[in-house]
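Here is the structure we will look at, set down as structure tokens.
Protein chains in written order, with this note's numbering: chain A, 1 to 159; chain B, 160 to 318.
Structure follows, in structure tokens:
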């Protein structure tokens, strides 16, 4: 069974290479970018401007193949890929929650971007604390990794 | 350009029909379900059990076609589809954050499910407050809709 999606737009960011890119929006220091929505989908952006944050789902277009275990940026041990946000996943799909600062003629202005330039966009969802902020009480291997707050940029391990 | 994904597993839930299903995990009253991961991907589940919550990305397999404006369950007005979580999206992909209560032989036990039985799973990501809980200060049309806390179940509008 194949699930076939088509890009609804393109993400533009200052990051031309994976190496040196922020590893998460929360470690992005506010870097700005834009999301260009293709004309045939612009009508679907109505009412989005009222949300301070949006979830972007996108295609990891620069990753080829996958690994079931990876050494994530925030750790030195191999972990199951589904317990990480690494791009080398069986289905290379990325998720980032970014700040939306404006929409003009089908172009979204966003902040806190951790996405490679020219990344194909699959979907946008409004970010809603009631739906998206469960009271998570355990964060597994990342609890140890939280001391690595100084690690903000990626290297070339997932190219 | 086609983006082609393949299911990595199947979500099992008590919900055989869209009508009557919880509209979000946060309105699901703890309903349990399971996620069966196909054997070739089970190794990727290592270290996931340490997380209390996980993000499921899945294929809305019972929706055909899309609408750029929809009337969401929590409102009576048409809204741009990207400002809603409705399934009739250009790329029918769903996102739910659920509680993970255990993993046994490639089967995840989950709570707070709002997904149809037999839904194809695309990806699992660990839910990490640092990455996923930005301080959202505006939730657009949903601010008005928050008074509709009594609305917990879907109807047949997206079949």
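We put the CB at the ideal spot given by N, CA and C, even for glycine.
Helix, strand or coil at residue i according to DSSP, with G and I counted as helix
| i | result |
| --- | --- |
| residue 107 of chain A | strand |
| residue 186 of chain B | helix |
| residue 87 of chain A | coil |
| residue 261 of chain B | strand |
| residue 312 of chain B | strand |
Enclosing beta strand (DSSP E) for residue i [first to last residue]
| i | result |
| --- | --- |
| residue 289 of chain B | Premise fails: residue 289 of chain B lies in the alpha helix (DSSP H), 288 to 291, not in any beta strand (DSSP E). |
| residue 34 of chain A | 32 to 37 |
| residue 9 of chain A | 9 to 12 |
| residue 240 of chain B | Looking at the DSSP string, residue 240 of chain B is not in any beta strand (DSSP E), and its letter there is neither H nor E. |
| residue 162 of chain B | 162 to 164 |
Element boundaries [alpha helix (DSSP H), containing residue i]
| i | result |
| --- | --- |
| residue 280 of chain B | Where residue 280 of chain B is concerned, there is no enclosing alpha helix (DSSP H), although the beta strand (DSSP E) it sits in stretches over 278 to 285. |
| residue 303 of chain B | 301 to 304 |
Presumed contact (8 angstroms Cβ cut-off) between residue i and residue j, rounded CB distance
| i | j | result |
| --- | --- | --- |
| residue 67 of chain A | residue 85 of chain A | Residue 67 of chain A to residue 85 of chain A, Cβ: 14 angstroms. No contact. |
| residue 268 of chain B | residue 193 of chain B | 6 angstroms |
| residue 261 of chain B | residue 219 of chain B | Actually they are not in contact, since the Cβ atoms of residue 261 of chain B and residue 219 of chain B sit about 27 angstroms apart, beyond 8 angstroms. |
| residue 291 of chain B | residue 139 of chain A | The Cβ separation is near 10 angstroms, so there is no contact. |
| residue 206 of chain B | residue 154 of chain A | Incorrect: roughly 20 angstroms between the Cβ atoms, too far for contact. |
| residue 130 of chain A | residue 62 of chain A | So it is not a contact: roughly 34 angstroms between Cβ atoms. |
| residue 223 of chain B | residue 258 of chain B | Not really, about 31 angstroms apart at Cβ, beyond 8 angstroms. |
| residue 279 of chain B | residue 1 of chain A | 7 angstroms |
| residue 152 of chain A | residue 23 of chain A | 6 angstroms |
| residue 30 of chain A | residue 112 of chain A | 6 angstroms |
| residue 215 of chain B | residue 80 of chain A | So it is not a contact: roughly 16 angstroms between Cβ atoms. |
| residue 301 of chain B | residue 174 of chain B | That belief does not hold up - the Cβ atoms of residue 301 of chain B and residue 174 of chain B are roughly 23 angstroms apart, past 8 angstroms. |
| residue 5 of chain A | residue 196 of chain B | About 21 angstroms; that fails the 8 angstroms criterion. |
| residue 228 of chain B | residue 43 of chain A | 7 angstroms |
| residue 166 of chain B | residue 281 of chain B | 7 angstroms |
| residue 90 of chain A | residue 232 of chain B | Actually they do not touch by this definition, with Cβ atoms about 32 angstroms apart. |
Identity of the residues DSSP links to residue i by a beta bridge
| i | result |
| --- | --- |
| residue 255 of chain B | B:215 |
| residue 298 of chain B | A:51 |
Residue i beta carbon near the ligand MN (any heavy atom closer than 8 angstroms)
| i | result |
| --- | --- |
| residue 163 of chain B | With respect to small molecules bound, the structure shown includes none, and the ligand MN cannot be examined in it. |
Uninterrupted beta strand (DSSP E) stretches inside the region 199 to 237 of chain B (no shorter than 3 residues): For the region 199 to 237 of chain B, whole beta strand (DSSP E) runs of length 3 or above, ordered along the chain, are 212 to 218.
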